[in-house]
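Numbered by our numbering, the letters in the sequence shown go through residues 17 to 840 in order.
Step one of this worksheet: look at the structure below.
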Amino acid sequence: MIDPLPADALRKRFDPSEFDFETTEDLPADTEVVGQDRAVEALDFGMSIDAEGYNVFALGPTGTGRRELVQHLLEEQAAGEETPPDLCYVNNFDDEREPRALRLSAGRGCELKEDVDALIEELQTALPGTFESEEYRSRREMIQEEVQEGQEAALEDLQEQAREDGIALIRTPQGFVFTPLQDGEVVPPEEVESMPDAEREQVQQKIEGYQEALQDILQKVPDHQREARRRIEALNEEMATLVVDDLIDDLRDAYADSEDVLSFLDSVRDDIIENVDVFVQSAQQGPSSGMQGPQQMMQQQGQQDGGQQAARAPDGAFWRRYRVNLIVDHEDTEGAPVVYEDNPNYQNLVGQVEQIAQMGALVTDFNLIRPGALHEANGGYLIVEARQLLTQPYAWEGLKRALQNDEIQIESPGQALGLIRTLTLEPEAVPLDVKIVVVGERMLYYLLDALDPDMDRLFKVTADFDDQIDRGEAQEDAYADLLATTIDENDLRPFDRSAVARVFEHSLRMVSDTEKLSAEVDAIRDLVVEADHWARDEGADAVTDAHVQRAIDAQIYRADRLRDRVQESIEREKLYIDTTGATVGQINGLSYLKVGGFSFGKPNRITARVRLGEGDIVDIEREAALGGPLHSKGVLILSGFLEGRFAQRHPLSLSARLVFEQSYGGIDGDSASSAELYALLSALAEVPLKQTLAVTGSVNQRGMVQPIGGVNEKIEGFFDVCEERGLTGDQGVLIPAANVDNLMLRPDVVAAVEADDFHVYPVETIDQGIALLTGVEAGTRDEQDGFPDGTMNGKVEARLREFADRRRQFARPNGTPPSSTEDM
Numbered sequence: 017m018i019d020p021l022p023a024d025a026l027r028k029r030f031d032p033s034e035f036d037f038e039t040t041e042d043l044p045a046d047t048e049v050v051g052q053d054r055a056v057e058a059l060d061f062g063m064s065i066d067a068e069g070y071n072v073f074a075l076g077p078t079g080t081g082r083r084e085l086v087q088h089l090l091e092e093q094a095a096g097e098e099t100p101p102d103l104c105y106v107n108n109f110d111d112e113r114e115p116r117a118l119r120l121s122a123g124r125g126c127e128l129k130e131d132v133d134a135l136i137e138e139l140q141t142a143l144p145g146t147f148e149s150e151e152y153r154s155r156r157e158m159i160q161e162e163v164q165e166g167q168e169a170a171l172e173d174l175q176e177q178a179r180e181d182g183i184a185l186i187r188t189p190q191g192f193v194f195t196p197l198q199d200g201e202v203v204p205p206e207e208v209e210s211m212p213d214a215e216r217e218q219v220q221q222k223i224e225g226y227q228e229a230l231q232d233i234l235q236k237v238p239d240h241q242r243e244a245r246r247r248i249e250a251l252n253e254e255m256a257t258l259v260v261d262d263l264i265d266d267l268r269d270a271y272a273d274s275e276d277v278l279s280f281l282d283s284v285r286d287d288i289i290e291n292v293d294v295f296v297q298s299a300q301q302g303p304s305s306g307m308q309g310p311q312q313m314m315q316q317q318g319q320q321d322g323g324q325q326a327a328r329a330p331d332g333a334f335w336r337r338y339r340v341n342l343i344v345d346h347e348d349t350e351g352a353p354v355v356y357e358d359n360p361n362y363q364n365l366v367g368q369v370e371q372i373a374q375m376g377a378l379v380t381d382f383n384l385i386r387p388g389a390l391h392e393a394n395g396g397y398l399i400v401e402a403r404q405l406l407t408q409p410y411a412w413e414g415l416k417r418a419l420q421n422d423e424i425q426i427e428s429p430g431q432a433l434g435l436i437r438t439l440t441l442e443p444e445a446v447p448l449d450v451k452i453v454v455v456g457e458r459m460l461y462y463l464l465d466a467l468d469p470d471m472d473r474l475f476k477v478t479a480d481f482d483d484q485i486d487r488g489e490a491q492e493d494a495y496a497d498l499l500a501t502t503i504d505e506n507d508l509r510p511f512d513r514s515a516v517a518r519v520f521e522h523s524l525r526m527v528s529d530t531e532k533l534s535a536e537v538d539a540i541r542d543l544v545v546e547a548d549h550w551a552r553d554e555g556a557d558a559v560t561d562a563h564v565q566r567a568i569d570a571q572i573y574r575a576d577r578l579r580d581r582v583q584e585s586i587e588r589e590k591l592y593i594d595t596t597g598a599t600v601g602q603i604n605g606l607s608y609l610k611v612g613g614f615s616f617g618k619p620n621r622i623t624a625r626v627r628l629g630e631g632d633i634v635d636i637e638r639e640a641a642l643g644g645p646l647h648s649k650g651v652l653i654l655s656g657f658l659e660g661r662f663a664q665r666h667p668l669s670l671s672a673r674l675v676f677e678q679s680y681g682g683i684d685g686d687s688a689s690s691a692e693l694y695a696l697l698s699a700l701a702e703v704p705l706k707q708t709l710a711v712t713g714s715v716n717q718r719g720m721v722q723p724i725g726g727v728n729e730k731i732e733g734f735f736d737v738c739e740e741r742g743l744t745g746d747q748g749v750l751i752p753a754a755n756v757d758n759l760m761l762r763p764d765v766v767a768a769v770e771a772d773d774f775h776v777y778p779v780e781t782i783d784q785g786i787a788l789l790t791g792v793e794a795g796t797r798d799e800q801d802g803f804p805d806g807t808m809n810g811k812v813e814a815r816l817r818e819f820a821d822r823r824r825q826f827a828r829p830n831g832t833p834p835s836s837t838e839d840m
C-alpha cells in the first residue's frame, strides 16, 4: 500500500527568521524586474541592433507587468541616446495643399515658432505704419501728381491751340465739348445753326480735327494710370522690402545653419512683398479691416494646438499663412522619446488634418495638422498594446505601411485605402526612424505570425515574458526587493518578515509549484495594497502575515459565491457525493472550475456499468455532446489500457457506459480518466470502491498516472465536503505522484493531515490506486502469464474471459460451449 504524504510535504513554508531584514524598509526598493532574463535580453537586443525590421513583439500573459517593464527598460535605454529633432509644418507658398515639413534640433522648433510669431507681430505694426508715413504719402502723391500734371498739360495745350483757331474746349458733366468762339465768346448753338453753310462746314471740320486730337489724349489716360499704378506698386514693394528685409535678416542670421528655415523665410518675405496691397489696404482702412471672415474664425478656434502653442498668435486670418505649426517639441525631452499610445487608432498613430465647419463647408490649413504617436516617438521608441491596435480599423495596416515605407504620411483612412478622394491637404511625408514594441498575449502573436506574412519582416524580435520565476536564493532576494519597490512606489506601510514570507507562500500557490514564484506582478501588487489596507484599518505601523492572510481571505470571500453554492448543494444532497462506505462502479472524481479570476475544485460522482458486448466503451458525456475532445481522448485511452492488459488472448467482449452523474454543462480535460478507469475496473471485478477517497489524475495506455492541473483546488474541494460532514480519519484524495511538487494546500487542510484526519496519497500507477481504493491487491502476472486469484486484475481478467466465452457461445449455431483449443 502507498503511504500518505506527511504534512510538511503538502505546503512549502518560508521561515521569516531566515530573512536578513526586519522590514522592507531595510531593502533597496530599486528592483523593477525579476526572473525575466529571456525577455530582457530580447529587448536589449531589439533596442541595440540598428537594422530594418528589428521591431519587438513583447508577448506573455496579462498581469506580468509586461508593458510597465517594457517602458521601464526602454526609458533606461533612451536616457543615454540622442534627442531627435523638433518637427514643424509651414505653408508651402507654391502649393498650399502640400505643406512643408521642417526639422530642427531639439528645442529650436519652439524658438522658431516664437520668433516667427514675434516677426508677424512686428510686421503687423511696421507695415501699416510704413504705408501711413509722410514719406510714403508724399512719394505716392508725387507720382499721382506727375501723372495728373502730364494729362492736364496735354489738355491745356490742345485748349490753347483750339482757342487760337477760334474753337473753345469746354468741360461739362457729360465730358469735353468743342464749340466755336467769336470775339472771345462762345457762339450759342442757334447762331451756329444760322451760319452760312460754308462757314458752318468750315467750323465743323475744325471741331472734328480737335476732337480727334482730344481722343488721342484721352486714349493715353489708361496708359498713364497704369504707369502710375506700376510706379506706386514699385513704391509699395520698395517700402515693404525695406521693412521686411530689416526684420527677416535678423532671423536669417539666427537660423543660418538651416537651409530649410532659410528657404521658408525667403518664401515668407517673397509672399509678403507679393501681397503688399493687402497691407496698404489695411493701413488705409484701419486695423483688421478687410480681414474678417471664415479664416479668422478658424484662426480663433484653432488656438489650442494640443499643448504645442508657445506664443500668442497675432490676430488676423491672413497672418496664419506665415505661422509655424510646431507639432513635435523636444525642448524638455532628455534623451530619446519613449511614447506609450493607449488608444492606437489610425489617426492617433499617423496624425491627421483637422477641419472646421464654417458656413456649411469644411475648411482647413496647415495650422490644423496634428501629430500622431509615430511623430512623437520618431527617433525613439513607441509602445502599443496589440489588442487595442488590432481592434482599431486600419490601425494595424497603417502602422505596417509606415514601417514598410520608412516614412509617416498623414492622410485619412479613406484616402489611404482609396475609398474617398476629397480636396484637402497632403502634408509632406516625414522620414521615420523608430523602434516599435507591440505588447500582447501569446495567442495574438501566434495568430498574427500565422496569418500575416509581414510579421516576420517587421517584427523580427520576440520578447517572451514568463508567468513563473525559478526559485533560488538570488531570485528570492530579488523578489523581496521587488515587493519593497512596489511598497515604496505605492507609499504603503513597510512589510515585516512574516508578511513577506506569507506573500512568498501565496506566490507559490498562485503558480501551484513549490519550485516557482509567480511573475504575475499585478496580482502581487493588489495583494500588497490590500494587506496595507487591513493594516491601516487596525492602526498597525507595519504589515504582518495576519494582514496578508486577511487580504487573501477577503479576496476569496468576494469571489467564492459559486463555490459556496456548490458546497451547499452537496450538503443538502442536491448533488450526490458519498464520503463514507464503498460502492461498486462508483467513484468520487475531482474537477477544476475557474470563474473570473477565482478557481476551485468540485467533487463529481462518476459511475460505470458493464455488460457483455463487442468491446466498446461509451462515453455518455460525448454521446450527449457535453464532453470535450480531451475528455473523449481520455476515455478512448481506457480502451487501449484494457486491450493491452486483458485482451491479448481473448477478444474484449464488454460494453461499458461511463458518465459524470448530475453533469449539466460541458466537461473537458483528461484529469478524470484515472477515476473513470477505477470505476470501470470496479464494475468489472464487482469489488466496491471506497467513497471516503476521491481521485484525480490522467492515465496513459500503460496504466501510468499522469500529472494534472489545479491539484490544490481539487484536494480542497473534497476536503471541504468531508470537513462539513465530519472528518473520520479515513478520508483523503489520490493524486498523481508527479504533482507532489505542486502542492501548496491551505493551512487548514495541512492541519487536518497533521492530525491524521485527512490524507493525500501520491499514486504512480493504476495498480497502486486500485489497491488503495478497494483494499484488494492489484496483482501482477505470474510465470503462467496469469494474474493471481483474488487480486483485482485477476477478477477483472476472469470477468472479461467470461464475457468472451459467452460471446462465442452466442455466436455458435447450436449454443454449445467452445472446446479447449478454441479457448486458446
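By construction, the Cβ of each residue, glycine as well, lies at the ideal position given by its N, Cα and C atoms.
Note that this is a predicted model, so its numbers are computed, not measured.
How many Å lie between residue i and residue j at the Cα?
{"i": "residue 227", "j": "residue 194", "result": "7 Å"}
{"i": "residue 268", "j": "residue 61", "result": "43 Å"}
{"i": "residue 410", "j": "residue 429", "result": "7 Å"}
{"i": "residue 412", "j": "residue 632", "result": "52 Å"}
{"i": "residue 546", "j": "residue 564", "result": "8 Å"}
{"i": "residue 808", "j": "residue 794", "result": "5 Å"}
{"i": "residue 333", "j": "residue 113", "result": "17 Å"}
{"i": "residue 752", "j": "residue 588", "result": "31 Å"}
{"i": "residue 693", "j": "residue 742", "result": "28 Å"}
{"i": "residue 94", "j": "residue 352", "result": "5 Å"}
{"i": "residue 677", "j": "residue 610", "result": "20 Å"}
{"i": "residue 701", "j": "residue 800", "result": "21 Å"}
Can you check which of these residues, the options, is closest to residue i by C-alpha distance?
{"i": "residue 549", "options": "532, 538, 536, 568", "result": "568"}
{"i": "residue 33", "options": "337, 189, 241, 512", "result": "512"}
{"i": "residue 673", "options": "401, 658, 702, 624", "result": "624"}
{"i": "residue 87", "options": "258, 59, 246", "result": "59"}
{"i": "residue 761", "options": "736, 746, 745", "result": "736"}
{"i": "residue 287", "options": "276, 337, 555", "result": "337"}
{"i": "residue 355", "options": "381, 392, 447, 372", "result": "392"}
{"i": "residue 81", "options": "535, 176, 385, 292", "result": "535"}
{"i": "residue 822", "options": "727, 669, 610", "result": "669"}
{"i": "residue 608", "options": "724, 596, 358", "result": "724"}
{"i": "residue 341", "options": "442, 126, 134", "result": "126"}
{"i": "residue 497", "options": "42, 620, 561, 813", "result": "42"}
For residue i, does the count of other Cβ atoms within 10 angstroms reach 16, so buried, or fall short, so exposed?
{"i": "residue 140", "result": "buried"}
{"i": "residue 689", "result": "buried"}
{"i": "residue 604", "result": "buried"}
{"i": "residue 339", "result": "buried"}
{"i": "residue 590", "result": "exposed"}
{"i": "residue 1", "result": "Limits of the chain in this structure are 17 at one end and 840 at the other, which puts residue 1 out of reach."}
{"i": "residue 755", "result": "buried"}
{"i": "residue 778", "result": "buried"}
{"i": "residue 798", "result": "exposed"}
{"i": "residue 804", "result": "exposed"}
Spatial neighbours of residue i within its chain, please: C-beta separation below 6 Å, excluding the five flanking residues on both sides.
{"i": "residue 452", "result": "71, 398"}
{"i": "residue 508", "result": "548"}
{"i": "residue 879", "result": "The structure shown does not extend to residue 879, since the chain is modelled only from 17 to 840, so the question has no answer here."}
{"i": "residue 454", "result": "73, 400, 402"}
{"i": "residue 524", "result": "28, 530, 760"}
{"i": "residue 90", "result": "354, 397"}
Using a Cβ-Cβ cut-off of 8 Å (strictly less than) and excluding sequence neighbours within five positions of residue i, which residues of its own chain qualify?
{"i": "residue 122", "result": "99, 100, 101, 102, 346, 347, 349"}
{"i": "residue 503", "result": "40, 45, 509, 510, 511, 544, 548"}
Near residue i, which residues of its chain fall below 7 Å by C-beta distance, leaving aside the five closest residues on each side in sequence?
{"i": "residue 653", "result": "689, 715, 716, 717"}
{"i": "residue 819", "result": "628, 669, 670"}
Compute the minimum distance between the beta carbon of residue i and the heavy atoms of the ligand NAD, and state whether it is under 7 Å.
{"i": "residue 414", "result": "Looking at this structure, you won't find the ligand NAD or any other ligand, since it has none at all."}
> What are the start and end residues of each continuous alpha helix (DSSP H) run of 4 or more residues lying completely inside the stretch 531 to 576, in chain order?
Replying inline: 537 to 554, 561 to 575
> Which whole runs of the beta strand (DSSP E) in the stretch 698 to 785 are 3 residues long or more, in chain order?
Replying inline: 709 to 711, 747 to 752, 774 to 779
> In the stretch 55 to 115, which residue ranges form an unbroken beta strand (DSSP E) of at least 3 residues, counting only runs that do not cross its ends?
Replying inline: 72 to 75, 102 to 106
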